[in-house]
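Trainee: Everything in the sequence shown is counted per this note's numbering, starting at 739 for the first residue and increasing by one.
Don't be surprised by glycine CBs; every beta carbon is placed ideally from N, CA and C.
Take this structure first; my questions come after.
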Amino acid sequence: MDNPKPDKDSDPDLATTYAPRDSHPQTKKAEASDISLCKNQIADHDIVNPLSSHSPHAQATEVDREAHGSGTEVSSSDNEPDDELSSYSPHAQATEVDREAHGSGDDLLMLLDEDEDAFRDIMGDDLEEDVALGPDDENYIDGEYDSDPDDISINEDEVKASAYPFSYSFWFLLRQVSVDDFMAVYVTAIPRRVQVVLGQNKFTPEAILSVDRDWRHHNCGGVYINLSKSKDMQEYGCYIGSTTRAFSTRIMEHIRVASKYSPDTLPDMYSSSLHYNHICKLGVVSNFRVLAAFRDRDIPRGYIFLLEAALMVMTRSLCNKTFQKYNNPEFEEFIRDVQVKASMPWLRSVKLNLTWPVVMGFRMDRKPCENTGCPVKANYNLMSSGQKLSANQDAARALAGPNPKCGDCAREESGLVHRLHVHRLYPTVLLCYSCWQHCQAKGMRRTLENAKKALGRAEMSSKRKDGTLICGNCSVPDNSMSRQQQLSRHSYLAPAGMVLCIACHAYYRREGRHRDPALEAHLRFTTGINTRRASGEDINCSTCGKLELSGPGNRKFHCSDSRVLCGACYSASRSKTPEERRQPLRAASKDLMAKRKEGDVICENCFTKEPADIKTKCRYMHNAATGKVLCTACVTYYNNHGEHRDPSREILRQAREKLRAKRATGTDIHCTNCTKVEDQGKPKFVCIDADMVLCRTCYARRNNGKRKESNT
């Protein structure tokens, strides 16, 4: 099974456990001694109903009595069944073999043996096909049997003998458990409001939508309904589903598929599902409601699937067009008889269920036969994929110790909400829920880099819930007034390896380095002062207490080092006097003017020479912060980014300008490599560097050589 399940011991009772697909591979030519030995072994095994205190033989007698009594009522056209679930009693499969066994006073074991032989004679070689893969099998999850009807192994050949409307596993379950026991379990699981809605003479979508919608907080499984409605059409779509996991896990799978795909882009595993084709349409809104919640984790899965089948019949959610294609004729006749004789109300909706769980069946666990000649003696034939996965999980947990760690992100189980589970692709590795979902979606485990990202995001989510999340660079809290909007929340940046606010995140993405944290503190302080000015509060100098005057012509106080200073205090706070600060700048300006007269002013970053006809505003200047002579472009870049720009781009730009000037004057341009002359009627040469111009042929050879080096 592809999904993690709670650990529990397998149930030894035949009435509530699964019958594997290959648990009946005996041939018709089995020797009489082998068959006798198998019967003796089964007779030694007690068949007990886990929900009833009756003895096996007393319960068998009661079940037989109810079966024959209800069978007479169903076969008669004058009487109607008293209970909705009475139509699921074993009377539909009562045969002459049952009557003879019951009339002779034989016990339940003889009846089951003879009915199994009759069942085998009718099915012939297709016996194994009647028990199709259930939800506990490999590559199948809850409800997935309804998404791919091609996997349902029902005999569609009308020439051959017809099949029963029930699978053998459900027929076996119904022979062991009485209707009263089923009802005792179902009444506890079905909420009172749902019982009232289902007991009405008429079903309406409004009444069904009024039941429990809080499926996100149910930690158990059960049966749910989806009344999906299109905005363009007034008709609802009805789908009944079940899950043995939490409701939120299964229903969120439906929602993710509906939001990710359209009916034309559905994968093959979902393309045949009427439900997915309906909810993936544009404008269709899903409305999931809980119909039954089984709080007890030990409830057999057959009980859940049987209730799902009963609710499909009651709501008429089975598509009539697919009866003959995916189900046998006996099933169709049985369903219609139940609906008519029970006078079930009609719910007008688009039917979105393809198959009936009772026809598909489920797996039952049986102990291996001790007879050496019996072909079902091997243990591995009796274990479903889910049981094998559970066994692998127990083995991996035993090796990992009391507090195991995730095999990908190395988080301990004690600090996680969900337990660690193994995946079917990696049955020896315990994975946390996040890494398990990644393996399920991608088909592979996380890399070391992805594991670090996942660990960082998980830590960020934990701190956000605790209210202790801050920016790793400027220490701004995530719940500050300026970070309330969803788009401004802190995020984890993998290259930086830390959680950053939106400002630090954008700066690191753009510049490749962290911004100065003092800028954020200064910004917050300045924003607070401006807010006080806008509200009309008095602003005083932090040193002398002078009041800031508002109005035109009055200069605002300075914000420096989280202080508000007037003009005089701001000048006094600086280490040097204005005259002392001007002296280095004056000396550098004199040197620059002397160089300009000589005609050799060069930018000390990009090494470009100042043109003679340059405008006064664009002249090269001495930068006090760096102590260098810089061109206008380099000065602007340094003021904006706090570092020098890469000079290679400026050098290449000037080289290309010189190349254009040569073309304009008609000067011959030669290839640096092959000395070919540029022809005006052919593609132009390419300027690669300040001293390199290549023709198209040499340029292509150069690129091919670089590409080969990168591949090696």
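If you reduce the DSSP assignment to three classes, tell me which class Ala1031 lands in.
Mentor: Secondary structure of Ala1031 (DSSP, three-state): strand.
Trainee: Do the CB positions of Thr1346 and Cys1307 come within less than 8 Å of each other?
Mentor: no
Trainee: Can you give me the start and stop residues for the alpha helix (DSSP H) that Ile1240 sits inside?
Mentor: Ile1240 to Glu1249
Trainee: If we ignore side chains and look at the alpha-carbon of each, how far apart do Asp745 and Arg1157 end up?
Mentor: Interpretation of Asp745 is limited by its pLDDT of 38, a score under 50 that renders its predicted location unreliable; no figure is taken from the coordinates.
Trainee: Return helix, strand or coil for Met1182, following the three-state DSSP convention.
Mentor: Residue state, collapsed to three classes: coil.
Trainee: Which of the three DSSP states, helix, strand or coil, is assigned to Pro929?
Mentor: Residue state, collapsed to three classes: coil.
Trainee: So that I know if they touch, is there some Cβ in chain B lying closer than 8 Å to that of Lys1191?
Mentor: Given the protein chain composition of this structure (a single chain), no chain B is represented.
Trainee: Alpha carbon to alpha carbon, how far is Asp1075 from Val1097? Give it in angstroms, no decimals.
Mentor: 16 Å
Trainee: Between the C-alpha atoms of His955 and Ser986, what's the straight-line distance to the nearest angstrom?
Mentor: The C-alpha of His955 lies about 7 Å from the C-alpha of Ser986.
Trainee: In the DSSP assignment, find the alpha helix (DSSP H) that holds Thr1166 and state where it starts and stops.
Mentor: It is not in any alpha helix (DSSP H) - Thr1166 instead sits in the beta strand (DSSP E) that spans Tyr1164 to Leu1169.
Trainee: Evaluate the contact criterion for the segment 1083-1091 versus the segment 975-984: three or more CB pairs, one atom per stretch, below 8 Å.
Mentor: yes
Trainee: Looking only at its own chain, which residues have a Cβ that is under 7 Å from the Cβ of Arg1202, when we skip the five neighbours before and after it?
Mentor: Asp1216
Trainee: How long is the line joining the alpha carbons of Ala1256 and Cys1425, rounded to whole angstroms?
Mentor: Ala1256 and Cys1425: Cα-Cα distance of roughly 43 Å.
Trainee: Measure the Cβ-Cβ separation of Asp1146 and Arg1183 and say whether it is below 8 Å.
Mentor: yes
Trainee: Write down the C-beta distance between His992 and Ile1017 rounded to the nearest angstrom, noting that I regard them as a contact closer than 8 Å.
Mentor: 7 Å
Trainee: Do Phe1295 and Ile1277 have their C-beta atoms within less than 8 Å of each other?
Mentor: yes
Trainee: Taking Met990 as the reference, which of Gln1175, Ile1073 and Thr942 has the closest Cα?
Mentor: Gln1175
Trainee: Since I believe Ala1196 is in contact with Ser1172 (beta carbons under 8 Å), could you give me their beta-carbon distance rounded to a whole number of angstroms?
Mentor: Between Ala1196 and Ser1172 the Cβ distance is about 7 Å, and since that is below 8 Å, they are a contact.
Trainee: Just to confirm the assignment, what range does the alpha helix (DSSP H) spanning Met1529 have?
Mentor: Because the chain here runs from 739 to 1450, residue 1529 falls outside it and cannot be looked at.
Trainee: Ordered along the chain, which non-local residues of its own chain (more than five positions away) have a Cβ less than 8 Å from that of Asn1441?
Mentor: The answer is none, since no qualifying residue turns up.
Trainee: Could you spell out where the beta strand (DSSP E) holding Thr981 opens and where it closes?
Mentor: Tyr974 to Thr981
Trainee: Is His1161 closer than 8 Å to Gln1178 when the C-beta atoms are compared?
Mentor: yes
Trainee: Sort out for me which residues DSSP pairs Lys1143 with in a bridge.
Mentor: Glu1150
Trainee: Roughly how many angstroms separate the alpha carbons of Ala1031 and Val949, rounded to a whole number?
Mentor: 12 Å
Trainee: Since Leu1238 contacts Asn1211 with CB under 8 Å, what's their CB separation in whole angstroms?
Mentor: 6 Å
Trainee: Just checking my contact of Leu1303 with Cys1341 at CB under 8 Å: how many whole Å lie between their CB atoms?
Mentor: Their Cβ separation, rounded to whole angstroms, is 36 Å, which puts Leu1303 and Cys1341 out of contact at 8 Å.
Trainee: Among Met1050, Cys1170 and His1379, which has the Cα closest to the Cα of Lys1143?
Mentor: Cys1170
Trainee: Helix, strand or coil for Cys1304, going by three-state DSSP, please let me know.
Mentor: coil
Trainee: Would Arg1054 and Trp1084 be called neighbours here (beta carbons separated by less than 8 Å)?
Mentor: yes
Trainee: Could you check where the beta strand (DSSP E) with Leu1004 kicks off and where it finishes?
Mentor: Here Leu1004 belongs to no beta strand (DSSP E), and DSSP marks it neither H nor E.
Trainee: Starting from the Cα of Arg1251, find the closest Cα among Gly1380, Ser1128, Val1155 and Asn1188 and give me that residue.
Mentor: Gly1380
Trainee: For the alpha helix (DSSP H) containing His1016, list its first residue and its last residue.
Mentor: Leu1012 to Ile1017
Trainee: Do the segment 1366-1377 and the segment 1408-1415 meet, that is, are 3 or more Cβ pairs less than 8 Å apart?
Mentor: Taking 8 Å as the limit for Cβ pairs, the verdict is that the segment 1408-1415 does not touch the segment 1366-1377.
Trainee: Using a 10 Å radius around the Cβ and a threshold of 16 neighbouring Cβ atoms, would you call Glu1249 buried or exposed?
Mentor: Exposed, since its Cβ has fewer than 16 Cβ neighbours within 10 Å.
Trainee: What whole-angstrom Cβ distance do Arg983 and Gly1021 have, given they're in contact under 8 Å?
Mentor: 30 Å between Cβ atoms; not a contact.
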